[in-house]
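Participant:
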Amino acid sequence: MRSSMGRYISMRLVQLLAIIFLISVLTFLLVHLLPGNPTLAILGPNDTPSAQHELLRQLGLNRSLPLQYWTWIGNVLHGNLGASFLTKQTVTNAISVAAPIDLELIVVSQLMAFVVAIPLALVAARRPNRLFDRLATTSTFGMLSLPTFVVAVLLVLVFAVQIHAFPATGFNRLSQGLGSNLRSVILPSVSLALGSVAVYYRLLRSDLISTLQEDFVTMARSKGLSTPYILLRHALRPSSFSLLAGAGISIGSLFTGAFVVEVLFQLPGIGYQLVTAINSRDYLMVQGMALVAAVAYVVINFVVDFLLTVLDPRVRHA
Amino acid sequence: MPDRFASRSSSTRARASGSLVVADAGSEAVLELETLPASRNGHAPEDSAGTGQAGMGALFWICTAWVAVMVLLAITASILPIKSPTFQDYSAVNVGPGLHHLLGTDDLGRDLLSRIIFGSRVSLVIGFASIGLGMVTGGTLGLLAGYKGGPADTLLNAGSFVVLAFPPLLAIMVIEAFWGRSLWKLTLMFAIVAAPQLFRVIRATTLATASREYVVAARAFGSRTGRIMLRELLPNVIPAAISFALIGVAVAIIVEGSLAFLGLSISLPTASLGNIINEGVQNSNLQANPYIALWPSLYIFLMLSALNLMADRLRGRFEVREVKL
Chain A
2 MRSSMGRYIS MRLVQLLAII FLISVLTFLL VHLLPGNPTL AILGPNDTPS AQHELLRQLG
62 LNRSLPLQYW TWIGNVLHGN LGASFLTKQT VTNAISVAAP IDLELIVVSQ LMAFVVAIPL
122 ALVAARRPNR LFDRLATTST FGMLSLPTFV VAVLLVLVFA VQIHAFPATG FNRLSQGLGS
182 NLRSVILPSV SLALGSVAVY YRLLRSDLIS TLQEDFVTMA RSKGLSTPYI LLRHALRPSS
242 FSLLAGAGIS IGSLFTGAFV VEVLFQLPGI GYQLVTAINS RDYLMVQGMA LVAAVAYVVI
302 NFVVDFLLTV LDPRVRHA
Chain B
1145 MPDRFASRSS STRARASGSL VVADAGSEAV LELETLPASR NGHAPEDSAG TGQAGMGALF
1205 WICTAWVAVM VLLAITASIL PIKSPTFQDY SAVNVGPGLH HLLGTDDLGR DLLSRIIFGS
1265 RVSLVIGFAS IGLGMVTGGT LGLLAGYKGG PADTLLNAGS FVVLAFPPLL AIMVIEAFWG
1325 RSLWKLTLMF AIVAAPQLFR VIRATTLATA SREYVVAARA FGSRTGRIML RELLPNVIPA
1385 AISFALIGVA VAIIVEGSLA FLGLSISLPT ASLGNIINEG VQNSNLQANP YIALWPSLYI
1445 FLMLSALNLM ADRLRGRFEV REVKL
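Chains as they are written, first to last, in the numbering used here: chain A, 2 to 319; chain B, 1145 to 1469.
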């Protein structure tokens, strides 16, 4: 048993490494998609001989492709992803400043989504197909047709423009006080949370409905336990696996969903930085951020998968 | 065991109580295909009102008609009696909805109705063309690989997971930053991202269908592989394929909208629904004239609702069940 688990994990680790290697090759090759002279395209007006020399050394553009990759990946593994030729900020530094914002957005929005979706699903699953269930199910279906950029704009329109309850843009760091920090992330988080609510509600609801037909629930009922007690103590836990799996799978997509929200609310997270870099043709910044973001995405997915395997041994044998 | 390498997160997906979660990364709107077997615990699926009915239901046809109307409007936009989407009428800036401009005008005096209809062209072309392309390539390969198996199947499967390892919005954003953006480049990139997804779902559906009795019977009769695929498998895979494709179109439209909203889809001044919404939030337009952002938001919502509902009905009607991804 233990050895099969170990085998499974090592297989998956090899896959992970292979995918990370491919990601690095593809991000490395991006620079070669640039039309014309890459140093001119990357450096733009900064295309002085010394900067050009530095860039050529960094990218190794004057050598053969595998050698270029070798030089580049060597730099990357030493934490040197290059620097912006506009602000001189290193890519590593820009990412370490921006990443906590994405993390906060994801954590806060997911907490919100769970707090809303779980009670909704519990109430709806209690009497499937009755009024409450129909309303909740229909409205979550509608939410699936509302892209984040639409939700976010509507929220700004109502809560920032019309009733001035929250700031429309800007970010206050945690060091500026918890209250002002939360105020600045509340609208963005709600925008992100809404889609998750719909998904989590639907996953949990359908699992709950089938759990509630199990014999042990009938047993609990015949013992005279109250419905809320049965729902919370007997049915919720065995029904929450899909919910957890769904949450795990959507972490990766939330990360890119946060891009839209960051740009609209001007929160300087990875997405905001990336879009700014794309618009100012700051190619090394784009390349570095893409590499880190894509690797983070596959690693997160890997960890989530691993955790689910630990939680539910059946997955291993699927 | 061809599925071994492929089990990256697929195992969990399939395990998620038989529901396939299509995460579109783009805007975190995770569209979920509930594919619970109808007979689970002897309980009929509560969601799909279409199940058990003879027809598709009126709602399905209303949605289909609405999508057809939108497509028709987009195709005939240039010969419709509407104003030019780029004509700036400075005598009618930020006009509300009225007789002269049905949906009003934006801050540059451009007619909003016309901008939305012309803007929907980008969403619809990218949505339908990329998924069509992805279906022709990925879907066909999925059918072949699902039925024939073998080393080609293993290879394609592994390849599809490599592409799926990239977050789609990020991949498209970054590639177009270097490669440039035009309608055909965007469509191609969307198709490349979509094809592996479609490959996987079609392959999975084919695998499930191939084990049904009528396929086994056809093989026992000595039918040729080509005949089995065209006459037995294809007709039974198509409803599922259409359902997946509709979801795919919806997701592609969301991702394109997100890109356009970020200013990274088709270049200005070409209107697209996402960049009209973006213009609607610029320069305090949201205070001055919320209609600029509201109309395209409504249009995109109606577009996605119709597509999602159609997919949902098809799924309910044809009991798209299997999900052994």
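Backbone N, C-alpha and C fix where the C-beta goes; we use that ideal spot for every residue, glycine too.
Quick check on DSSP: helix, strand or coil for Ala199 of chain A?
Facilitator: helix
Participant: Could you tell me whether the Cβ of Val1280 of chain B comes closer than 8 Å to any Cβ of chain A?
Facilitator: Put simply, the CB of Val1280 of chain B is far from chain A, with every gap to its CB atoms at 8 Å or more.
Participant: Between which two residues does the alpha helix (DSSP H) holding Met1279 of chain B run?
Facilitator: First-last for Met1279 of chain B: undefined, no H or E at that position.
Participant: Determine, for Leu1217 of chain B, whether the minimum Cβ-Cβ distance to residues of chain A falls below 8 Å.
Facilitator: no
Participant: Can you tell me the Cα-Cα spacing of Asn1185 of chain B and Phe1322 of chain B, whole angstroms?
Facilitator: In this prediction, Asn1185 of chain B scores a pLDDT of 38, lower than 50, which makes its location untrustworthy; no coordinate-derived value is stated.
Participant: Taking 8 Å as the cut-off, does the region 1283 to 1299 of chain B touch the region 1227 to 1236 of chain B (at least 3 CB pairs, one atom from each stretch)?
Facilitator: no
Participant: Can you pull the chain B neighbours of Leu233 of chain A, defined as C-beta to C-beta under 7 Å?
Facilitator: Going along chain B, no residue has its Cβ under 7 Å from Leu233 of chain A, so there is no contact; the nearest lies around 20 Å.
Participant: Going along the chain, which residues of its own chain have a beta-carbon closer than 6 Å to the beta-carbon of Val1267 of chain B, five neighbours each way excluded?
Facilitator: Note that residue 1267 of chain B is Ser in the sequence shown here, rather than Val. Excluding sequence neighbours, Ser1267 of chain B sits near Ile1397, Glu1400 and Leu1417.
Participant: If I measure Cβ to Cβ from Ser1140 of chain B and keep anything under 6 Å in the same chain, skipping five residues before and after, which residues do I get?
Facilitator: Residue numbering for chain B in the displayed model covers 1145 to 1469; residue 1140 of chain B lies beyond these limits and cannot be assessed.
Participant: Checking contacts by CB at 8 Å: is Leu14 of chain A closer than that to chain B?
Facilitator: no
Participant: Using only the alpha-carbon positions, how far apart do Ser97 of chain A and Asn182 of chain A sit?
Facilitator: 18 Å
Participant: List in chain order: all unbroken alpha helix (DSSP H) runs of 4+ residues lying wholly within the region 1425 to 1456 of chain B.
Facilitator: 1429 to 1432
Participant: What's the C-alpha gap between Ala1221 of chain B and Gln1426 of chain B?
Facilitator: 26 Å
Participant: Under 8 Å Cβ-Cβ, which residues of chain A neighbour Gly1290 of chain B?
Facilitator: Listed along chain A is no residue with a C-beta nearer than 8 Å to that of Gly1290 of chain B; the closest approach is about 17 Å.
Participant: With a threshold of 8 Å between beta-carbons, can Val304 of chain A be considered close to chain B, or not?
Facilitator: no
Participant: Is there a Cβ of chain B sitting closer than 8 Å to that of Ile20 of chain A, yes or no?
Facilitator: It does: the Cβ of Ile20 of chain A has a partner Cβ on chain B nearer than 8 Å.
Participant: Leaving out five residues before and five after Ala1450 of chain B in sequence, what residues of the same chain have Cβ atoms less than 7 Å from its Cβ?
Facilitator: Cys1207, Trp1210 and Val1211
Participant: Locate the alpha helix (DSSP H) running through Tyr284 of chain A, then write down its first and last residues.
Facilitator: Tyr284 to Leu312
Participant: Would you list the one or two residues that DSSP bridges to Ala1352 of chain B?
Facilitator: BP columns for Ala1352 of chain B are empty, so no partner.
Participant: Taking 8 Å as the CB-CB cut-off, is Ile1206 of chain B touching chain A?
Facilitator: Chain A contact via Cβ: absent.
Participant: Can you tell me whether Ala84 of chain A is helix, strand or coil according to DSSP?
Facilitator: If DSSP states are grouped into helix, strand and coil, Ala84 of chain A belongs with the strands.
Participant: Residues in the same chain with beta-carbon distance under 7 Å from Thr88 of chain A, minus the five sequence neighbours each way, listed in chain order, please.
Facilitator: none
Participant: Residues of the region 1437 to 1459 of chain B in Cβ contact with chain A at a cutoff of 7 Å, in chain order, please.
Facilitator: Ala1437, Ser1441, Ile1444, Phe1445, Leu1448, Ser1449 and Asn1452
Participant: For the alpha helix (DSSP H) containing Asp1251 of chain B, name the first residue and the last one.
Facilitator: Element bounds for Asp1251 of chain B: n/a, residue is neither H nor E.
Participant: Out of curiosity, what's the CA-to-CA distance linking His33 of chain A and Arg1347 of chain B?
Facilitator: 34 Å
Participant: Only counting runs of 3 or more residues, tell me where the beta strand (DSSP E) segments fall wholly within the region 1355 to 1388 of chain B, in order along the chain.
Facilitator: none
Participant: For the pair the region 67 to 80 of chain A and the region 235 to 254 of chain A, tell me if three or more CB-CB distances fall below 8 Å.
Facilitator: Flag = no, the region 67 to 80 of chain A and the region 235 to 254 of chain A do not touch.
Participant: So, Leu1314 of chain B versus Ala125 of chain A, is the Cβ gap smaller than 8 Å?
Facilitator: no
Participant: Could you tell me if His165 of chain A is buried or exposed, where buried requires 16 or more neighbouring beta carbons within 10 angstroms of its beta carbon?
Facilitator: exposed
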